[in-house]
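Down below is the structure, laid out as structure tokens.
Protein chains: 2
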Amino acid sequence: MEEAKVFIQHALSRRKILLVVGNCMVDYEGRASSKLDWGERLLIVKSDGSVMVHRPTGYEPVNWQPPGSVFQVEFEGGKLRIRAVRLQPKETLNIFFDKVFHLLSADLRDEGEFSMYVTEMDMQKALLAMPELVEKGFHPLASEKELGESGFLDILGEDSRGNLVVVEIKRNPAGREAVLQLERYVKTLREKTGKTVRGVIAAPEIRREAQPLLAALKLEFKPVSPRRCYEVLKAGRGRKLSEFI
Amino acid sequence: MEEAKVFIQHALSRRKILLVVGNCMVDYEGRASSKLDWGERLLIVKSDGSVMVHRPTGYEPVNWQPPGSVFQVEFEGGKLRIRAVRLQPKETLNIFFDKVFHLLSADLRDEGEFSMYVTEMDMQKALLAMPELVEKGFHPLASEKELGESGFLDILGEDSRGNLVVVEIKRNPAGREAVLQLERYVKTLREKTGKTVRGVIAAPEIRREAQPLLAALKLEFKPVSPRRCYEVLKAGRGRKLSEFI
DNA sequence: ACGTCGATCTCGAAC
DNA sequence: GTTCGAGGTCGACGT
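One line per chain: the protein sequences are A and B, in this order.
Per this note's numbering, the very first residue in the first sequence carries number 3; after that it's consecutive.
Per this note's numbering, the very first residue in the second sequence carries number 3; after that it's consecutive.
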């Protein structure tokens, strides 16, 4: 147990992820109060100060502490006490171990991107595969086209009347930044071509605070759900596109 | 990796809890779909078939599978693939490991009782044991009383003037929903009895957005802290109630 | 900091 | 089975 204490303190101070398997009881007091009698469980402490106590079954931890908790490790009455305290709201989690079966700590490096449904690039592929998602009569001319200083626009196309259309794709709700970026592309294209150029934001939604700006710049918004894009791509892989339309 | 495969299969078949720390990527497809690029994570598989993939930070798992999933462990393209499939709804979680740093399995025995100190029912017991917590002169007549279509009201009583009082208990800050529920009970009782009926929300607090509604419907709010209820119940178990008053 | 809202919500209870 | 509501919800976003 003395070893365990040293191991745990070391892991916590080095901000590693810490796993403890052992016999414990848990007291919680904060927004509510709870008590968990003795039993064998898995304790997880992450480097951001989040804590989970897992029983042998169930998806959810029986007790926990959200990120930001601070820790104290001590012996109390012969038991090893791990205390995780969160302020605002004040909540205290006390975990007492009388036996420790396994100890494990690791320094995890994880920069991997997590994408729900699709990435922005997937949305672009979906809109190219099914231009009606932008609007009826829309025809893509190019994608990822460089526009000098302005950067790369997502899709350039033309509408049913032959006007140029710049499509700016966002996987997340579009904010003012996306509108301004689109405006730069549209402005650059108008100067280069002298033609009428429309600008369309294609995103799951547009933030309320960005709507006045969108209107002021006479740009447009087309709701495109990542889920729909995902289904278009999935269908496109499996069957002919014509079937899907 | 071949060792890892054997270890994992052994743990899964013996229905132990399984922990894998390693470099992985994750694909999920079911109610939604997601992709998680390569990174170092912790995989937990419990004996009831629940799965969690934890990144180095955050309370919640980045990917998971609820209890009841079935497993398959195989090599695919040089990676170790752990597949967890759930039926109803059909959901598939694929976890690919190319490196495994730690493996751990354990047979956890946990019969410990978990008790949440103050549930809504505890608050009801506390208010019945000490009606003054509602207001001086309050006398309970019934609890969990069915009111036809309206459902069950928490406590029905009368005040010092003989008016009927409906008490709606909430363990958490009461919102508009609670006020509307109380209003239904009060209305039903007024129609049934023809008497004056007061409605009281007993909760830790009432949300600001619910206050106008409360006032408009001429209902009342009485702050009752779960903690106080807890102490009333604790005292009630230990000593005579008279001591406490 | 506080309030609102969605979630692969999860979980349990009622019907 | 399904639906409904609670949760120490958590987490993200807007104010």
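From the three backbone atoms N, C-alpha and C, an ideal C-beta is built for every residue, glycine too.
From a predicted model like this one, the values you see are computed outputs, not experimental measurements.
Open item on the list: At the level of alpha carbons, what is the spacing between A/E222 and A/L130?
Closed with: Distance between the alpha carbons of A/E222 and A/L130: 18 Å.
- [ ] Report the rounded CA-to-CA distance for A/N165 versus A/P142, giving the unit in angstroms.
- [x] Between the alpha carbons of A/N165 and A/P142 lies a distance of about 12 Å.
Task: 8 Å Cβ cutoff, A/F73 in contact with chain B - done: Cβ-Cβ to chain B under 8 Å: no for A/F73.
- [ ] Kindly indicate which three-state DSSP category A/L243 falls into: helix, strand or coil?
- [x] Low confidence applies to A/L243: its pLDDT is 45, below 50, so where it sits in the model is not reliable, and the reading given next is rough at best. Reduced to three states, the DSSP call for A/L243 is helix.
- [ ] Using alpha carbons as the reference points, say which of B/R173, B/P225, B/E151 lies closest to B/L191.
- [x] Of all alpha-carbon atoms in B/R173, B/P225, B/E151, the one lying nearest the alpha-carbon of B/L191 is that of B/E151.
Task: Contact set for A/K127: own chain, Cβ-Cβ below 7 Å, skip 5 residues either direction - done: So the list reads L235, once near-sequence residues are dropped.
TODO: Would you mind giving the Cβ-Cβ distance between B/R173 and B/E122, rounded to the nearest angstrom? I have them listed as a contact below 8 Å.
DONE: Yes, they are in contact, since the Cβ atoms of B/R173 and B/E122 sit about 5 Å apart, within 8 Å.
Task: Cα-Cα separation, A/R16 to B/K147 - done: Approximately 57 Å between the Cα atoms of the pair.
- [ ] Give a yes or no on contact between the region 69-85 of chain A and the region 103-120 of chain A, applying the rule of three or more CB pairs nearer than 8 Å.
- [x] Proximity of the region 69-85 of chain A to the region 103-120 of chain A falls short of the contact definition, fewer than three beta-carbon pairs being nearer than 8 Å.
Open item on the list: Here's a check: name, in chain order, each residue in its chain whose Cβ is nearer than 8 Å to the Cβ of A/H104, leaving out the five neighbours to either side.
Closed with: Answer for A/H104: L21, V22, V23, G24, listed in chain order.
- [ ] May I ask you to report which of helix, strand or coil DSSP gives B/S71?
- [x] Coil.
TODO: Entirely within the region 28-68 of chain B and at least 3 residues each: give me those beta strand (DSSP E) ranges in chain order.
DONE: Taking only runs of at least 3 residues, the beta strand (DSSP E) segments lying wholly in the region 28-68 of chain B are 35-47, 53-56, 65-67.
Task: DSSP bridge partner residues for B/R83 (one or two, in chain order) - done: B/E76, B/F98.
Task: Backbone secondary structure at A/K147 - three-state DSSP - done: Of the three classes helix, strand and coil, the one that applies to A/K147 here is strand, per DSSP.
Task: Continuous beta strand (DSSP E) stretch holding A/I203: start and end - done: 199-205 is the span of the beta strand (DSSP E), which, as asked, contains A/I203.
Task: Rounded separation between B/C26 and B/A218 - CA only - done: Spanning the two alpha carbons is a distance of roughly 57 Å.
Open item on the list: Here's the rule I'm using: 16 or more other beta-carbon atoms within 10 Å means buried, otherwise exposed. How should A/Q183 be labelled?
Closed with: Counting C-beta atoms within 10 angstroms of its own C-beta, A/Q183 has 16 or more neighbours from the protein chains shown and is therefore classed as buried.
TODO: Verify the CB distance criterion: does A/I171 have a CB-CB separation below 8 Å to chain B?
DONE: When Cβ-Cβ separations below 8 Å define contact, A/I171 makes no contact with chain B.
Open item on the list: Under DSSP, the beta strand (DSSP E) around A/F154 begins and ends at which residues?
Closed with: From DSSP, the beta strand (DSSP E) with A/F154 extends over 154-160.
Open item on the list: Any beta carbon from chain B within less than 8 Å of A/V188's own beta carbon?
Closed with: Output row for A/V188: interface = no.
Task: Simplified DSSP state of A/V136, which is helix, strand or coil - done: Correct three-state label for A/V136: coil.
TODO: Compute the beta-carbon to beta-carbon distance between A/E160 and A/A204, rounded to the nearest angstrom, for a pair I have assumed lies under 8 Å.
DONE: In this structure A/E160 is not in contact with A/A204, their Cβ atoms being roughly 16 Å apart against a cut-off of 8 Å.
TODO: Name the residue from B/P58, B/Q90, B/L158, B/L95 whose alpha carbon lies nearest to the alpha carbon of A/D112.
DONE: Comparing Cα-Cα distances from A/D112 to each of B/P58, B/Q90, B/L158, B/L95, the minimum goes to B/P58.
Task: Nearest candidate by alpha-carbon position, reference B/L95, set B/E42, B/Q67, B/L82, B/A108 - done: Minimum Cα distance to B/L95 is reached at B/Q67.
- [ ] Kindly list, in the order they appear in chain A, the residues whose Cβ is closer than 8 Å to that of B/T59.
- [x] K48, S49, D50, S52, P69, listed in chain order.
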